[in-house]
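Heads up: the sequence lines are chains A and B, in that order. Residue 411 in our numbering sits at position 367 of the first sequence; the count goes up by one each step and never skips. Residue 364 in our numbering sits at position 320 of the second sequence; the count goes up by one each step and never skips.
Protein chains: 2
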Amino acid sequence: MPTYNPPLRDMQFVMHEVLNVVDDFKQIPKYAEMDVETINAVLEEGGKFATEVIFPLNIPGDAEGCTIDQTTHAVTTPKGFKEAYKTYVEGGWAALGCDPEFGGQGLPLVVNSMFYEMLNSANQAWTMYPGLTHGAYHALHTYGTPEQQQTYLHKMTSGEWTGTMCLTEPHCGTDLGLMRTKAEPQADGTYKITGNKIFISAGEHDMADNIIHLVLARLTDAPPGIKGVSLFVVPKFNVNKDGSLGSRNGIYCGGLEHKMGIKANATAQIVLDGAVGTLIGQPNKGMQGMFVMMNSARLGVGNQSLGLTEVAYQNALAYAKDRLQMRSLTGPKAKDKPADPIIVHPDVRKMLLTAKAYAEGGRMLQAYCAMLLEKEHGHPDEKVRTESGELIAMLTPIAKAFLTDNGHIATNACMQVFGGHGFIKEWGMEQFVRDNRINMIYEGTNTIQSLDLLGRKILGNNGATLKKFGKLVGQLVEEEGVNEKMAEFITPIAILGDQMTKFTTEIGFKGFQNPDEVGAAAVDYLRVAGHLVFGYFWARMAQVALREISAAEKEGRPADPFYGAKLQTARFYFGKLFPETATLMRTARAGSKVLMDTDLALA
Amino acid sequence: MPTYNPPLRDMQFVMHEVLNVVDDFKQIPKYAEMDVETINAVLEEGGKFATEVIFPLNIPGDAEGCTIDQTTHAVTTPKGFKEAYKTYVEGGWAALGCDPEFGGQGLPLVVNSMFYEMLNSANQAWTMYPGLTHGAYHALHTYGTPEQQQTYLHKMTSGEWTGTMCLTEPHCGTDLGLMRTKAEPQADGTYKITGNKIFISAGEHDMADNIIHLVLARLTDAPPGIKGVSLFVVPKFNVNKDGSLGSRNGIYCGGLEHKMGIKANATAQIVLDGAVGTLIGQPNKGMQGMFVMMNSARLGVGNQSLGLTEVAYQNALAYAKDRLQMRSLTGPKAKDKPADPIIVHPDVRKMLLTAKAYAEGGRMLQAYCAMLLEKEHGHPDEKVRTESGELIAMLTPIAKAFLTDNGHIATNACMQVFGGHGFIKEWGMEQFVRDNRINMIYEGTNTIQSLDLLGRKILGNNGATLKKFGKLVGQLVEEEGVNEKMAEFITPIAILGDQMTKFTTEIGFKGFQNPDEVGAAAVDYLRVAGHLVFGYFWARMAQVALREISAAEKEGRPADPFYGAKLQTARFYFGKLFPETATLMRTARAGSKVLMDTDLALA
């Protein structure tokens with residue numbers, strides 16, 4: 045059975061030593077009083093909830109899965125899921141990052157994000173039930189009418205009701221313009237909605253009193269394509285004026301999918317049979333609200349893989365220290381034992397450190413993104429708001445695709461550390477691999493993320509946002525360029541930063557002549573950009589670590605070994621993972637011809 | 045539901061157009077009469093068996109799995125497995141590559157290997173029941189006494205009895221020197237064997253009348269470690285002098301593992317409770333026989349991933365042509381449809397071609413290895429025998445690790461082509477990923493393969509074998525260096541060949557001072573070597589394709605589009621996959637320090 049320890053020390057390092065989030069909060073009025081102690085205390089408690097309440101349900105939930113009663117359309121979640129959710133609601137966890145106006149605790153997103161990292165480590169499938177609520181909450185909070193907000197947001201904040209995003213249909217996933225679900229306007233201002241949705245995570249369950257579905261559909265007179273899609277709120281139970289639950293609405297679960305992973309989360313086929321809904325925002329502008337949900341969900345998916353990377357790492361590390369097999373290549377290390385623990389082997393270390401470096405880099409990126417979102421929405425300086433908005437737009441597809449691809453690499457590496465035992469269910473490692481696998485697909489496949497990044501976020505404004513991130517890298521290079529100890533961390537990002545500029549211009553130029561060049565380079569490009577971002581954060585983490593070690597030296601006291609560990613992991617990252625960029629730039633430059641001139645090969 | 049079409053045309057290309065196996069057979073007395081027609085006819089029939097008999101059992105077998113009756117220790121395989129096996133035995137398929145002396149058909153290994161590729165595409169879990177027999181057969185055929193051979197080989201050849209390899213114990217997988225299973229000599233020359241084995245594939249089942257276990261154990265007076273391990277044959281049912289089945293032997297299944305994949309294959313915990321066995325080969329020399337089984341099994345595991353890569357590719361290709369979603373970046377292609385088929389997108393093509401290039405390269409390597417084995421054992425010229433033996437020893441870890449890692453990349457890419465549907469069991473794609481995952485682990489993890497390659501097979505003889513392979517590359521470069529049309533295929537392998545020489549010397553030198561340098565470089569090194577081998581084969585395939593296209597041109601007839609497809613795939617391979625070597629050499633050169641100086645990080 046796997047174990048899990050919330051990485052609180054590393055979270056504190058990221059927030060308080062690298063990003064100094066409390067300094068930022070001082071400039072955001074609603075967080076002016078936020079302090080280090082409160083943040084740490086909340087996360088400590090949150091870690092206990094994750095570890096004690098939902099982690100023990102992870103393997104049993106996978107084995108049991110969800111079941112549907114085909115007569116009543118009721119879905120039963122695995123044993124213990126409902127009770128754990130009750131504990132979650134009673135503990136006030138659902139309200140953590142929500143608006144106090146609707147009963148929320150108003151804690152910063154970075155705290156909620158780290159709380160969710162722990163939930164994801166403990167049980168991704170369970171976490172998706174409350175997790176999906178956040179996207180629906182944000183869309184209603186941003187575009188809902190005051191009446192809709194009053195009707196729904198209090199109960200979604202408390203967690204008594206959960207939410208979903210109903211986008212996909214059997215014939216359209218990526219291409220929502222093909223959508224067929226219809227919304228007919230009624231005399232009372234509501235709409236009757238009819239259609240079939242699939243792949244609706246947490247789409248039906250027994251954990252909450254009501255489920256608030258956010259549904260994309262076409263008005264009867266809508267123009268074709270993506271410009272004719274509107275967003276509706278469609279509750280499972282209609283809500284009476286007094287807030288009590290009314291009649292059962294015509295939206296139900298037609299079946300559950302049988303999946304590779306996240307088996308304990310109900311992936312529902314949702315049938316809308318004249319369901320009553322109300323419009324969110326403007327007619328035919330449904331994609332606006334959809335993107336509010338989607339951007340939140342994309343960061344959330346990156347966070348899922350971060351959680352899985354961390355928990356996989358912790359267990360692989362424990363196993364590598366415990367499992368005795370063969371001797372070190374440089375001679376016996378554990379002479380009193382029949383063999384050495386496998387952690388003495390270089391490649392075992394490589395697998396472990398891959399997961400560690402990706403987890404810690406991912407944690408930095410998630411926290412940084414959460415802070416950008418706060419600044420985008422709450423900073424008094426408009427310039428900061430705009431620039432934060434641009435940066436988060438660029439970093440979101442990276443946080444989604446790079447973190448989930450890294451999660452795939454890391455969970456597989458950690459499973460591999462276990463040898464044959466990694467393949468056996470009881471050890472729990474293969475479940476991390478299976479659960480992570482969906483993260484590379486849903487909320488926009490990683491190919492879609494790469495096209496969003498390169499096509500829209502980078503080339504779409506002629507590299508202006510990339511230059512802004514490049515400035516941050518440049519500042520660090522400037523700051524630390526003369527520091528000999530930092531050279532090993534600064535040189536690679538300085539070089540890659542320069543290469544990226546050239547590389548981007550080159551692709552932009554080729555893409556101008558042939559758009560397939562953008563499509564051919566995008567996936568490679570995203571990983572290069574991911575390494576530039578991770579390289580930057582690893583350099584910043586090394587900077588803090590070196591500063592602390594040097595301060596300890598000056599004061600004649602031993603430095604906290606945490607900082608030495610950071611430096612070692614940073615060195616590993618730059619030595620063994622970052623050089624992936626060499627190949628990625630070559631394969632991107634190999635262009636589109638070897639892909640597109642292949643009609644005979646793909647006949 | 046997935047589909048499968050045996051890639052007969054490509055198999056014929058590999059055998060008859062690139063390798064010209066019949067020419068080689070003319071020099072091997074036992075195959076002197078072998079002709080193209082016989083080989084093709086056997087494979088055509090074999091393809092029908094795979095497609096019609098076992099492919100339909102693949103998804104149901106995964107869903108049902110194996111069950112054990114804890115009272116009788118009997119294992120029941122999924123519905124239809126037993127009947128399919130009966131068809132297999134009755135069709136004479138078990139005897140295909142076996143020695144005519146014991147009732148075998150004496151067909152060349154390359155035919156058996158391609159037959160098995162198709163079986164693996166159709167149903168890896170089922171295929172492991174007959175597949176495991178081959179290793180046991182080889183060990184008995186090589187080291188068994190005439191009596192053992194008479195007792196067991198006829199029925200194993202016919203397939204009436206299957207075989208296993210009982211190596212692993214709970215505390216020892218890689219490190220067989222830690223083995224505890226004991227063998228006590230008896231007055232009648234037999235041994236009483238007692239111990240616990242785990243992870244025994246096809247270890248117990250209801251498909252055959254008897255199961256012939258090959259068991260590693262220690263004699264009571266054995267020296268410690270790997271030099272005190274002996275090999276025994278331990279039948280499930282003792283065999284009477286007349287060949288009939290006697291009493292039930294004290295070897296039984298104590299339990300079945302719950303696994304990520306190959307769920308329809310019984311992965312058995314095997315209890316030996318004073319089981320009667322006879323010694324194979326010399327006392328304490330069990331590893332010799334073990335390696336006969338293991339080398340055969342390692343090529344077999346590579347073949348499993350080849351099969352999965354091929355079938356995953358075929359299904360992803362069909363889906364990509366069928367699924368309509370978004371428009372091509374260069375403007376609509378299927379104007380009469382609501383969207384273009386997703387095959388218009390560059391990255392979808394990249395995912396498909398990755399699988400195709402790895403499948404076709406893998407098929408070349410498997411066939412080449414099969415021919416080397418024939419030459420090693422059957423060529424009249426001793427020099428050819430020795431050199432073939434050296435080459436196959438070097439290529440075996442590459443065939444195992446490179447093909448299974450490629451299978452991981454390819455099956456995941458093909459699953460990704462399906463978007464959300466790839467995650468759903470009914471489509472069958474996620475099963476290919478799960479089934480493939482064990483291939484990177486068993487029969488020696490891929491890390492172990494890399495240490496075997498670099499430490500033993502390359503540095504162990506100061507690069508002599510690598511030089512021999514380098515000569516083959518050199519010959520091709522010499523032959524085609526002046527052919528302008530071949531430059532795009534020849535230049536990269538010429539460069540990589542030179543780099544490999546330097547790279548190997550460098551690691552050898554560093555490893556001499558610090559053995560961890562070998563361990564730190566080995567996994568990267570194996571993939572570089574894999575690309576040198578694949579690059580060589582892709583160049584040879586391109587050579588044949590160009591020759592055929594040019595012949596057609598001269599004769600004024602259209603060339604078979606098969607050759608154009610080969611060239612396009614070769615160009616893709618060199619453009620998008622081969623450049624991985626750039627990063628691999630960098631990360632290998634980053635050395636062992638960033639891995640080993642990490643005690644704080646891995647505390």
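Even for Gly, the Cβ is constructed at its ideal location relative to N, Cα and C.
Chain-ordered, the chain A residues with CB closer than 8 Å to the CB of residue 463(B) read 217, 218, 485 and 489. Remark: C-beta atoms of residue 383(A) and residue 222(B) approach each other more closely than 8 Å. Chain B has no Cβ within less than 8 Å of the Cβ of residue 331(A). In this structure, 463(A) is the residue among 412(A), 463(A), 196(A) and 622(A) with its C-alpha nearest to the C-alpha of residue 492(B). Closest in C-alpha terms to residue 584(A), from the list 311(A), 627(A), 332(A) and 63(A), comes 63(A).
Non-local C-beta neighbours of residue 244(B) in its own chain, meaning closer than 6 Å and more than five positions away in sequence, comprise 208, 210, 312 and 314, ordered along the chain. Under the three-state reduction of DSSP, residue 224(A) is assigned to coil, being neither helix nor strand.
With a threshold of 8 Å between beta carbons, residue 312(A) makes no contact with chain B. A straight line joining the alpha-carbon of residue 219(A) with that of residue 572(B) spans about 39 Å. In terms of Cβ geometry, residue 419(A) and residue 387(A) do not form a close pair [threshold 8 Å].
With a 10 Å radius around the Cβ and a threshold of 16 neighbouring Cβ atoms, residue 553(B) comes out exposed. In this structure, the beta-carbon distance from residue 435(B) to residue 447(B) does not fall below 8 Å. Pairing residue 278(B) with residue 324(B) gives a Cβ-Cβ distance that is not under 8 Å.
Counted as a single uninterrupted DSSP element, the stretch harbouring residue 279(A) is not any alpha helix (DSSP H) but the beta strand (DSSP E) occupying residues 274 to 279.
Bridge pairing for residue 313(A): 299(A) [DSSP]. Under the Cβ distance rule, residue 612(A) counts among the residues neighbouring chain B, one pair being separated by less than 8 Å. Look at residue 284(A): its C-beta is not under 8 Å from any C-beta on chain B. For residue 240(A), DSSP records a beta bridge to 315(A).
In summary, residue 542(A) is exposed, with fewer than 16 beta-carbon neighbours lying within 10 Å of its beta-carbon over all protein chains present.
The C-beta of residue 73(B) has fewer than 16 other C-beta atoms within 10 Å across all chains shown, which makes the residue exposed.
Under a 10 Å Cβ-count criterion, residue 115(A) is classified as exposed, with fewer than 16 other Cβ atoms of the shown protein chains found around its own Cβ. Closest option to residue 226(B), judged by alpha-carbon separation, among 202(B), 413(B) and 267(B): 267(B). Only exposed fits residue 556(B), as fewer than 16 other CB atoms lie within 10 angstroms of its CB. Contact annotation: the region 355 to 365 of chain B touches the region 451 to 467 of chain B, with at least three C-beta pairs closer than 8 Å. Against residue 563(A), the close residues of chain B are 373, 389, 390 and 391, in the order they occur along the chain (beta-carbon pairs closer than 8 Å).
Only those residues of the region 605 to 636 of chain B whose C-beta falls short of 7 Å from the nearest C-beta of chain A are listed: 605, 608, 609, 612, 613, 615, 616, 619, 620, 623, 624, 626, 627, 630, 631, 634 and 636. In this structure, the CA atom of residue 562(A) is about 7 Å from the CA atom of residue 498(A). Sorting 537(B), 126(B) and 421(B) by C-alpha distance to the C-alpha of residue 619(B) places 537(B) at the top. Taking 9 Å as the Cβ-Cβ cut-off, the region 344 to 364 of chain A approaches chain B at 361 and 364, given in chain order. For residue 621(A), there is no enclosing beta strand (DSSP E), as DSSP marks it with neither H nor E. Under the three-state reduction of DSSP, residue 487(A) is assigned to coil, being neither helix nor strand.
For residue 157(A), the uninterrupted alpha helix (DSSP H) run begins and ends at 153 to 187, by DSSP. Between residue 50(B) and residue 94(B), the C-beta spacing is below 8 Å.
By the beta-carbon neighbour count (other beta carbons within 10 angstroms, threshold 16), residue 262(A) is buried. Interface annotation for the region 436 to 468 of chain B against chain A: 452, 456, 459, 460, 462, 463, 464, 465, 466, 467 and 468, criterion Cβ-Cβ distance under 9 Å. Of all residues in the region 238 to 249 of chain A, only 242 and 243 come within less than 9 Å of chain B when Cβ atoms are compared, listed by chain position.
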